[in-house]
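Everything on this sheet refers to the single structure shown next.
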Ligand SMILES: [Zn+2]
Ligand SMILES: [Zn+2]
């Protein structure tokens with residue numbers, strides 16, 4: 017969904033600028049509506065435009081279509097580039113700060129002559145701002161807090177935003193004939209929830225490094241080349257992220273990958289252990305301290321083995337206890353993508369998904385899944401076209417028809433739903449209907465400011481609820497979660513036999529919470545919450561996040577074969593009957 021978001025942002029920015037300039041409110045509103053529409057578009061912008069589906073959407077006129085075409089061709093809008101020049105650059109940036117906005121900056125600019133971020137902060141702090149009409153001290157404090165949060169967030173982006181493009185670059189580098197190995201490194205390889213810059217590493221013969229860097233900077237996502245050298249290149253992508261590529265000799269590959277993967281804490285420990293054992297480890301290899309002789313470093317495994325250690329999976333290299341276990345050769349086997357047998361949470365165009373049930377099933381089949389749960393929204397989710405009991409019955413007919421085709425090929429389509437948990441903790445479908453489903457997800461989609469602990473626990477007590485969707489409500493980079501006592505949720509999940517969801521797109525649960533679940537023995541469902549067939553591919557991201565939380569396959573619900581999944585569901589129902 018990259019392009020949709022990019023263009024939505026341009027429209028949003030144009031609206032901000034027009035507002036700052038005090039222009040026609042009608043145009044401002046229309047730009048904002050277009051931005052919203054693009055933001056909500058559940059389909060690739062280019063596809064929607066080419067197929068003519070975009071033109072059919074309400075509110076999309078000729079001028080919007082022209083702008084979409086211009087953007088698809090050039091990556092920007094001429095109108096936008098013109099408008100940008102009319103606002104001091106730092107003020108334009110500040111419009112993104114929550115609670116600031118164009119009106120505030122217009123006042124600061126016109127009445128106080130503020131033109132930079134620093135001048136703005138000064139005017140907020142020395143009381144000039146609060147003397148302006150409409151800006152009391154409380155509001156000024158709120159703005160200052162907003163700036164502080166925004167500056168922190170600006171440094172890092174949620175993994176989900178950068179992961180697909182980073183993996184694409186990794187694939188693209190591997191394509192080049194001179195490249196022996198290519199990998200993402202750094203916090204991205206460790207699947208940290210937020211990412212600063214992207215690090216890539218390639219092994220190739222030295223005489224061909226130049227070619228590799230030339231290939232790299234030609235990737236279509238590259239917007240700007242900051243530096244292009246023999247051993248290192250730095251570029252800025254169209255999404256604004258910096259990516260660094262380093263090339264190393266094949267014999268240094270393992271040592272370099274180990275070094276650039278980190279974390280810093282992990283590597284400090286590794287180097288200490290090396291010294292104790294008479295070695296020195298750096299990005300070039302493993303060396304004997306006494307003679308300086310190089311003894312290894314071609315693979316990561318070789319590096320760790322020389323130190324008497326197992327190789328810890330990159331996702332857990334944080335000095336969270338993995339060092340000790342690696343020394344004792346007792347690292348747990350973490351869940352892998354190939355363990356995943358099915359998808360537990362996806363939407364079709366019966367509710368707010370883009371693709372049909374058949375298209376989603378086909379994609380699940382192509383991914384090699386044995387089962388897939390259709391988890392469309394339920395009736396109270398009106399904007400998402402949630403299903404009422406009548407429509408569920410119709411959907412089941414389609415599922416049954418499709419199963420006649422897919423089940424013999426090895427994929428079973430399971431009846432499910434993502435049921436809304438109502439404010440009082442009841443569900444918005446009757447038990448008689450839930451009972452007919454194979455797998456039920458229950459999620460909170462409203463009242464994000466209230467404490468939702470009781471509400472969710474009540475939902476878990478329903479014998480037909482098998483998993484709580486996005487349990488904390490948190491969406492990394494977009495939204496803080498609702499107040500909820502996660503320890504109480506974990507306890508209730510264990511008691512009731514309910515799984516908690518690790519939703520790859522929202523990155524909720526965080527790895528920290530996965531770890532708590534693992535310690536408590538609470539089952540986790542790794543899902544993509546796909547709203548399109550392509551999003552089903554995000555499972556590898558979900559698995560990475562689960563690994564970072566030390567999840568073993570035994571605790572992952574969708575690593576179970578179908579029969580075992582059925583017993584998981586049946587166990588909870590049976591417990592309620594006795
Ligand atoms: Zn949901
Ligand atoms: Zn969902």
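In the working numbering, the protein residues as written are 17 to 594. Each residue gets a CB set at the ideal place from its N, CA and C atoms; glycine is no exception. No experiment lies behind these values; they were computed from the predicted model shown.
Runs of beta strand (DSSP E) with 3 or more residues, each lying fully within the stretch 546-589, are absent.
The C-beta separation of residue 258 from residue 252 comes to about 5 Å, placing the pair in contact by the 8 Å criterion. Note on geometry: alpha-carbon atoms of residue 429 and residue 242 lie some 49 Å from one another. For a cut-off of 8 Å, the C-beta gap from residue 220 to residue 228 is around 5 Å, short enough to register as a contact.
Linking residue 478 to residue 450 through their CA atoms gives a straight-line distance of about 10 Å. Taking a cut-off of 8 Å on C-beta distances, the stretch 199-209 does not touch the stretch 513-522, as fewer than three cross pairs fall below it.
Residue 282 places its beta carbon 8 Å or farther from that of residue 231.
Per the C-alpha coordinates, the member of 324, 575, 330 positioned closest to residue 200 is 330. Around ligand 1, the residues selected by a Cβ distance under 7 Å to any of its heavy atoms are 434, 459, 461, 485, 486, 545, following chain order.
Our two residues, residue 551 and residue 135, have alpha carbons roughly 44 Å apart in a direct line. Taking 3 residues as the shortest admissible run, the stretch 206-288 contains the following complete beta strand (DSSP E) segments, listed from N- to C-terminal end: 214-219, 238-244, 248-253, 258-264. Sequence-distant Cβ neighbours of residue 54 in its own chain, meaning closer than 8 Å and more than five residues away, are 20, 21, 23, 24, 27, 61.
It is roughly 16 Å from the alpha-carbon of residue 353 to the alpha-carbon of residue 361. In this structure, residue 261 places its C-beta atom within 8 Å of the C-beta atom of residue 216. In terms of Cα proximity to residue 456, the closest of 464, 447, 462, 272 is 447. Its Cα nearest to that of residue 234, the residue 185 stands out among 185, 267, 268, 264. Between residue 505 and residue 543, the C-beta gap is not smaller than 8 Å, which leaves the two residues out of contact. When secondary structure is reduced to three states using DSSP, residue 400 falls in the coil class, being assigned neither helix nor strand.
The continuous beta strand (DSSP E) containing residue 295 extends over residues 295-298.
Excluding the 5 residues flanking it on each side, residue 340 has no same chain C-beta neighbour closer than 8 Å. The residues 111, 118, in chain order, have a CB closer than 7 Å to that of residue 32 in the same chain once the five nearest residues on each side in sequence are set aside. Under the three-pair Cβ rule at 8 Å, the stretch 147-158 does not count as touching the stretch 487-501. The Cβ-Cβ distance between residue 355 and residue 515 does not fall below 8 Å.
When DSSP states are grouped into helix, strand and coil, residue 135 belongs to the helix group.
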